[in-house]
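Trainee: Residue numbers (the working numbering), protein chains in the order written: chain A, 1 to 345; chain B, 1001 to 1345.
In this text, a Cβ means the ideal position worked out from N, Cα and C, and glycines have one as well.
One structure is given below, represented as structure tokens, and several questions about it will come after.
There are 2 protein chains.
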Amino acid sequence: MQGIKAIEFKDDKLFLIDQRKLPVLFETFICESYQDVEFAIRDMVVRGAPAIGATAAYGVVLAAKEFKNQNKENFLENMGKACDDLNQARPTAVNLMWAIKRMKSIIELNKNLDVIEIHQMLEKEADIILAEDIEINKLMAKHGNEIVPQNATILTHCNTGALATAGYGTALGVIREAHYSGKDIFVYADETRPRLQGGRLTAWELKQENIPSKLIADSVAATLIRDKNIDLILVGADRIALNGDTANKIGTFMLSVVAKVYGVPFYVVAPTSTIDFDIETGEEINIEERSSEEVTHIRGNRVAPENVEVFNPAFDVTPNENITGIITEKGIVRAPFRENILKIK
Amino acid sequence: MQGIKAIEFKDDKLFLIDQRKLPVLFETFICESYQDVEFAIRDMVVRGAPAIGATAAYGVVLAAKEFKNQNKENFLENMGKACDDLNQARPTAVNLMWAIKRMKSIIELNKNLDVIEIHQMLEKEADIILAEDIEINKLMAKHGNEIVPQNATILTHCNTGALATAGYGTALGVIREAHYSGKDIFVYADETRPRLQGGRLTAWELKQENIPSKLIADSVAATLIRDKNIDLILVGADRIALNGDTANKIGTFMLSVVAKVYGVPFYVVAPTSTIDFDIETGEEINIEERSSEEVTHIRGNRVAPENVEVFNPAFDVTPNENITGIITEKGIVRAPFRENILKIK
């Protein structure tokens, strides 16, 4: 039931499933330095907001390993720089900033200890973040399963499973839970261009678990929704504003519009670490724009004319009025979102 | 201005630009028999409703060439079978059935002539269909250009250009006309999964003509529409019912929903040969489902797990209430659609 370990730390090394290569190749990407971790986040060896958070935490641990023979002053200065570098690996998923902030607070709280001890405290904290994430996923799955009807057909977007988290998943965690609780569900998975996380990763996880499913091009979803073939839409999140506006993988907003027009429940599944309590609305969320090659090339093959211009935002923002509820580890938050989000702070 | 010839007939052979290979390779696919033509339509060497119609007409000519040494009775019987085969190459674009019907009526009207003469009449009729299509495209472009504002940013889907027609294009014909009339337009082209006609073909045509444009993943369009970056949406059609419901490339319906919610004009550009006067609504349109490989493989490379199940409809139906107008060679048809479509029958 929980066979996929996307993130594992042992012997001072971070082992990541290389998600750029799935499902064709199953390879491990080994990070021995915080620079390796920064690269792994930036190049999407690892992706998914909660997974990025846990990975970044181990990046801080690897930085501490590198600097642990330095005097305290140099150590603290270099750790500050390493944290800044890791923080900037990707701009949208708030879990990255959240994890780095949490690791920095460990350094701050323990700055009177020896460097060696701070290093140990950091590794312990990263282990806690990873273990907590799995527990949080299971709580979200439990809350989420309450709103999944028997025999539901569920539409999901991008990958929000064991690969996107420390394990189990957010939206795909709810799907796992519904499946294992015997609800006879069926899943449609959007392939999720341009990076094809749905086709490469979600379809792979669903097959690993024998959950009945079909893969679709992203633009097929609208017809399925209109024709009443979808009972429920479950998506993850990369950053949620105080008013409930949710940044998630590009294509999520489009689904939310069609869902609202045709009256299909649309739920976001995300841990409270994905909520950015510092921003009021989605307008304040920085949307990452990634390289043209993600659109013009697929597995190294060109699928567009040379030198074509591309607009390639990695995320979009779904306004709170299109969201039926946000499923967190503390329960399901519904409108009025600002008021109810503040209750779970 | 009109350099792309997707379809050319000479010396008893049909020369098609092989659209499966663009933009990486520019190759000609030569049809020497009606079976070659049937394959070219089925395998999407040629695609786009008007182009399929003209191609099928030449398929009938090649059948007549094959059978022209037979006696009249055998000729007529074999021509009937060849027409049936061509008719079934693809199920959704009504221009195919329309062109075959038109060629059959030439056979019927001239059945007292010698077989050799019937063959000549058929070749003449196919030439007329091809030439008419270009003229019709230019008329549509002229009517369509009237509703394109100065400096408009236009969103389009799939390929509806010179490659999809006998030349110039339907929706892309309007875009060409607007560009050459000096309106300083900008185009966003959806890549159009799964076959990537937007990325491979529309982006290529736009570059050939130096029309300023950007390529986007299909799911990016919704955000552009909401954020008021799109003034106008122009799409083609594969079959239009009497009430205006329009079958077009998968993804069109999704755009129409978002356009309606955010008040962006949504126009279909299609010749009257795309209107199926025999069906009342879009519910009667047969939607082609194509192979899983179109989604699971891109240029021969696997991008999904092995044996994954796929739902791959090639088209969807946009309901008339989401359509601002249908731009035909006879003018722009608006609601009430049934009444106004009957006027241009």
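#1: Strictly under 9 Å for the Cβ-Cβ distance: is Gly1251(B) near chain A by that measure?
#2: Considering only their Cβ atoms, is the gap separating Ile4(A) from Leu16(A) smaller than 9 Å?
#3: Since Ile52(A) is in the beta strand (DSSP E), which residue starts that stretch and which ends it?
#4: Looking at the unbroken beta strand (DSSP E) that takes in Asp190(A), where does it start and where does it end?
#5: Please list, in chain order, the chain B residues whose beta carbon lies closer than 8 Å to that of Ala217(A).
#6: From the DSSP secondary-structure annotation, give me the bridge partner or partners of Leu247(A).
#7: Check whether chain A comes within 9 Å of Ala1222(B), counting only Cβ atoms and requiring the distance to be less than that.
#8: Check whether the Cβ of Tyr1188(B) lies closer than 9 Å to any Cβ atom in chain A.
#9: Going along chain B, which residues have a C-beta under 8 Å from Asn243(A)?
#10: Tell me whether Cys31(A) sits in a helix, a strand or coil according to DSSP, three-state version.
#11: Measure the C-alpha to C-alpha separation of Val61(A) and Thr223(A) and round it to an integer number of angstroms.
#12: Enumerate in chain order the residues of its own chain whose CB-to-CB distance from Gln150(A) is below 8 Å, with the five nearest sequence positions on each side excluded.
#13: State yes or no: is the beta carbon of Trp98(A) nearer than 9 Å to at least one beta carbon in chain B?
#14: Out of curiosity, what's the CA-to-CA distance linking Ala1368(B) and Val1235(B)?
#15: Look at the alpha carbon of Met1001(B) and the alpha carbon of Glu1209(B), and state the distance between them as a whole number of angstroms.
#16: Which residues does DSSP pair with Val268(A) in a beta bridge?
#17: Quick one: is Ile298(A) near chain B, going by C-beta distance under 9 Å?
#18: Which same chain residues end up closer than 6 Å to Pro313(A) when comparing Cβ atoms and leaving out the 5 residues on each side of it in sequence?
#19: Beta-carbon of Ile1102(B) versus every beta-carbon of chain A: anything under 9 Å?
#20: Roughly how many angstroms separate the alpha carbons of Arg1195(B) and Ala1259(B), rounded to a whole number?
#21: When the Cα of Pro1023(B) is compared with those of Leu96(A), Ile326(A) and Asn307(A), which residue comes out closest?
#22: Following the continuous alpha helix (DSSP H) through Leu1361(B), name the residue where it begins and the one where it ends.
#23: Is it true that the stretch 260-269 of chain A meets the stretch 201-215 of chain A, where meeting means three or more beta-carbon pairs spaced less than 8 Å apart?
#24: So, is the C-beta of Ala1006(B) closer than 9 Å to a C-beta in chain A?
#25: In whole angstroms, what separates the C-alpha of Glu1294(B) from that of Glu293(A)?
#26: If the cut is a Cβ gap below 8 Å, which residues of chain A does Ser1291(B) touch?
#27: Alpha carbon to alpha carbon, how far is Thr1296(B) from Lys21(A)? Give it in angstroms, no decimals.
#28: Could you spell out where the beta strand (DSSP E) holding Gly331(A) opens and where it closes?
#29: Please go through the same chain and pick out, in chain order, the residues whose beta-carbon is closer than 7 Å to the beta-carbon of Ala40(A), but skip the five residues on each side of it.
#30: Hey, would you say Leu86(A) sits closer than 9 Å to Leu96(A), going by beta carbons?
#31: Does any C-beta atom of chain B lie closer than 9 Å to the C-beta of Glu309(A)?
#32: What number of angstroms, rounded off, separates the C-alpha of Ile136(A) from the C-alpha of Thr153(A)?
#33: Could you please give the first and the last residue of the uninterrupted alpha helix (DSSP H) stretch that includes Leu86(A)?
#34: Whose C-beta lies closer than 6 Å to the C-beta of Ile327(A) among residues of the same chain, with five residues either side of it excluded?
#35: Is it true that the CB of Met79(A) sits closer than 9 Å to the CB of Ala89(A)?
#36: Taking a contact to mean a Cβ-Cβ separation below 9 Å, would you say Asn159(A) touches Gly48(A) in this structure?
Mentor: With the structure as the only source:
#1: yes
#2: no
#3: In this chain, Ile52(A) is not harboured by any beta strand (DSSP E); it is covered by the alpha helix (DSSP H) spanning Ala49 to Phe67.
#4: First-last of the beta strand (DSSP E) with Asp190(A): Phe186 to Asp190.
#5: Arg1193, Pro1194, Asp1218, Ile1250, Gly1251, Val1295 and Asn1312
#6: The question names Leu, but residue 247(A) is Ala in the sequence shown. Note: Ala247(A) sits in a beta bridge opposite Arg239(A) and Val317(A).
#7: yes
#8: At least one chain A Cβ lies under 9 Å of Tyr1188(B).
#9: Residues of chain B passing the Cβ test: none, with the nearest at roughly 17 Å.
#10: strand
#11: 47 Å
#12: Cβ within range, chain order: Lys183 and Asp184.
#13: no
#14: Chain B is shown only over 1001 to 1345; residue 1368(B) falls outside these bounds and no answer can be derived.
#15: Residue placement at Met1001(B) is flagged as unreliable, the pLDDT there being 41, under the threshold of 50; the coordinate-derived value follows with that caveat. Approximately 7 Å, taken between the alpha carbons.
#16: Val235(A) and Ile326(A)
#17: yes
#18: Ile250, Ile287 and Glu289
#19: It should be noted that the sequence gives Arg, not Ile, for residue 1102(B). False, the Cβ-Cβ gap to chain A never drops below 9 Å.
#20: 23 Å
#21: When only C-alpha atoms are compared, the closest one is Asn307(A).
#22: With chain B represented from 1001 up to 1345, any question about residue 1361(B) goes unanswered, as that position is not in the structure.
#23: no
#24: Not closer than 9 Å to any Cβ of chain A, the Cβ of Ala1006(B) fails to qualify, so no.
#25: 21 Å
#26: The contacting residues do not exist; Ser1291(B) stays about 13 Å from chain A at best.
#27: 15 Å
#28: Element bounds for Gly331(A): Gly331 to Val333.
#29: Leu16, Phe29, Cys31, Val46 and Thr55
#30: With contacts defined by Cβ atoms closer than 9 Å, Leu86(A) and Leu96(A) form a contacting pair.
#31: yes
#32: 24 Å
#33: Lys72 to Asn87
#34: If we look at Ile327(A) and ignore the five residues flanking it on each side, its Cβ neighbours are Met140, His143, Gly144, Tyr267 and Val269.
#35: no
#36: Yes. Within cutoff.
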